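Undergrad: A single structure is presented below for examination.
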Amino acid sequence: MNPDFIFGKNAYYYNREVEAEKILRLVNYGAQYEDNGLIILTQDKHCVYANKRAFSMLHSEDDLDMLYESFLNWMKDIGVAWDTPAWSRIYKVDDKERLFRVRYRQLLDDESMPAGHVYIIQNLSDVIENGMGEQYRLTHDELTHLYNKEGFFQETRKLLNANPDKDFLLIYSNIKDFKLINQLFGLEKGNAILMHIGELLAQRVMDDDVYGRINGDHFALVMPKERFSEKDFSLAVNELAGRIISTSYSIHIQIGIYEIVDPGMDISFMCDRAYMACKSIKRDNACEIAWYSDDMLVNALLEKEILSSFDFALFDQQFGIYLQPQIRANGEVYGAEALARWLHPENGVIEPEVFIKVLEKADLIYKLDKYVWELAARQLAAWKGTEWSKMSLSVNVSPKDLYYLDIKKEFTSLIEKYKIDPLHLNIELTETAVTSDVNKCAKLIAELRQSGFIVEIDDFGSGYSSLNMLKDINADVLKIDMGFLRRTDNHERAMVILRYTIDMAYELGMGVITEGVETKEQFEKLIEMGCEMFQGFYFDEPMPVEMFEKKYKR
């Protein structure tokens, strides 16, 4: 037994000494501990070992029980749990500042089963005495005692420079909607969650890894690629999420991973790439992991370009409407859906899938929708007294429009401004928008219909509350996307559901439009089911207004 270890006056009874001998073998005592304090516990948390350095640091006599009690009080005074993986604090002793860093590790036996606990206490007071105390404060996070952004960047750069031939990963975490947790449950609960995240990081790393709290709820870790196991990491994060979950809320942790291919790159750029991977995650599981790809950077740059030029594009009237015809079973074109297109002066026509989701994410979609509604109303006004005067145009209302705009006021203002019949300006509300607030939408739909508008429920069947919604929503038309069939392998069952949905709509006094019709077979089958209105590529694709007028001139 190493003579540097002592048991204290009350430590020399048989079971403690036996336990001490057994656990000491697992610690692998060596040079790395010679300048550090060491405290060792059995699995059931009985203190069986301490070295002289630990007694000296804690100003304790050679009584092991008293030393452990002092150590527990030490942690209690600053609010640190007994199994906190790593923490640092600056203390004042005899008017001098002392900096201690404590690391906790679970000891495992030869079969990887829990066998005990060890605390390693490192005296970093030289940092303070050499005038580096302020530097410590500048590079460490006050809440979690991990590196802050500056400290993480500095230490990561040192690690990469010292290991130029080694492959590393930068792992970045984000808690989805963390601001909402703070608002609902307070900063104290939010801070507790952040401390749990810090503990998770410390538990999963080795001494040479670099990890820290970058800002807010964002943490980062740099570790060798060879040691990373996505399965183990995911299990650890799920375990953490399981500990934090309550009856009131649950957390969703997003993990983005960037493989460091250019060690000379600015660390902040590496973090940006890992965070891009985080933002690419769409699902809401307790833990989701995504790896960075160069496509994400391309998309991020495109997103930035879209947002930076959007307002000017609106002002410069670069947006226009394309019309996709809506057709009755007898072949008559009775209307069209007005769809936004970005008519870029240099890049040509930009399809909506490029910019719509970006604008939705940035809460700017209401500006575009309002602009499209006006273009549609203006077009209906231009058709008055012409052979297209009986045409109707359908326009979309996005879910977020309900929060930013007074929908009824916007549409009634357009009717008054352009002196058009509201029966010709059809309003499409997505099922997602309706189910987000059924009572509010039921009232809105009733008011719009009273004002003379035709109201359509778009994307019906895409959500999980479709039938429940229809109890309270009295719209004019259900719009069913034939993508419903493409998203399943069981077409026969899907067709049964589609048939009964069409019948149900008629029973409730609503019309039915099936959109996304692509083949003659689908068209004929839908006619057999009793559907009377259609839209899709089988009939025609969206086209400029001038082409629509030329092609469907009566």
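full-length UniProt numbering numbers the first residue of the sequence shown as 1 and each following residue consecutively.
Don't be surprised by glycine CBs; every beta carbon is placed ideally from N, CA and C.
All values derive from a computational prediction rather than experimental measurement.
(1) Using beta-carbon positions only, say whether Glu-521 and Gly-536 come within less than 7 Å of one another.
(2) Identify whether Tyr-292 lies in helix, strand or coil by the three-state DSSP scheme.
(3) Hey, could you find the ends of the alpha helix (DSSP H) Met-223 is sitting in?
(4) Could you name the residues that DSSP lists as bridge partners for Pro-263?
(5) If you compare alpha carbons, which of Ala-494, Lys-471 and Arg-493 is closest to Leu-508?
(6) Straight-line CA distance for Phe-71 to Ser-173?
(7) Please indicate yes or no: does the CB of Phe-100 lie closer than 6 Å to some heavy atom of the ligand NAP?
(8) Curious, which full-length beta strand (DSSP E) runs of at least 3 residues does the segment 384-468 contain?
(9) Under 7 Å, do Glu-431 and Phe-460 count as touching if we go by C-beta distance?
(10) Could you check if Arg-273 is buried or exposed, using at least 16 other CB atoms within 10 Å of its CB as the buried criterion?
(11) Quick one: what's got a C-beta closer than 7 Å to Gln-154's C-beta in the same chain, skipping five residues either side?
(12) Assign Glu-456 to one of two classes, buried (16 or more other C-beta atoms within 10 Å of its C-beta) or exposed (fewer than that).
(13) From Ser-436, Asp-421 and Ile-415, pick the residue whose C-alpha is nearest to that of Ser-398; which is it?
(14) Thinking C-beta only, is Lys-479 closer than 7 Å to Glu-515?
(15) In angstroms, rounded to a whole number, what distance separates the CA positions of Glu-19 and Ile-40?
(16) Going straight from the alpha carbon of Leu-107 to that of His-46, what length do you get?
(17) Is it buried or exposed for Val-372, if we count other Cβ within 10 angstroms and need 16 for buried?
(18) Give the list of continuous beta strand (DSSP E) stretches no shorter than 3 residues that lie fully inside the segment 297-340.
(19) Going by the CB atoms, is the gap between Gly-79 and Arg-53 shorter than 7 Å?
(20) Smallest Cα separation from Asn-474: which of Leu-526, Ala-442, Ser-125 and Asp-83?
(21) Taking C-alpha atoms, which residue in His-59, Asn-148, Ile-251 and Gly-331 lies nearest to Lys-189?
(22) Please determine, among Lys-282, Tyr-292 and Ala-329, the residue with the shortest C-alpha to C-alpha distance to residue 622.
(23) Comparing C-alpha positions only, which one of Lys-525, Phe-539, Arg-378 and Gly-511 sits nearest to Met-495?
TA: To lay it out plainly:
(1) no
(2) coil
(3) No alpha helix (DSSP H) contains Met-223, which is instead part of the beta strand (DSSP E) from 218-224.
(4) Per DSSP, none; premise fails for Pro-263.
(5) Lys-471
(6) 32 Å
(7) For the ligand NAP, the structure offers nothing, since it holds no ligand at all.
(8) 392-397, 425-430 and 455-458
(9) yes
(10) buried
(11) Thr-139
(12) buried
(13) Ser-436
(14) yes
(15) 10 Å
(16) 14 Å
(17) buried
(18) 319-328
(19) no
(20) Ala-442
(21) Ile-251
(22) Since the first residue shown for the chain is 1 and the last is 554, residue 622 is missing from the structure and cannot be characterised.
(23) Lys-525
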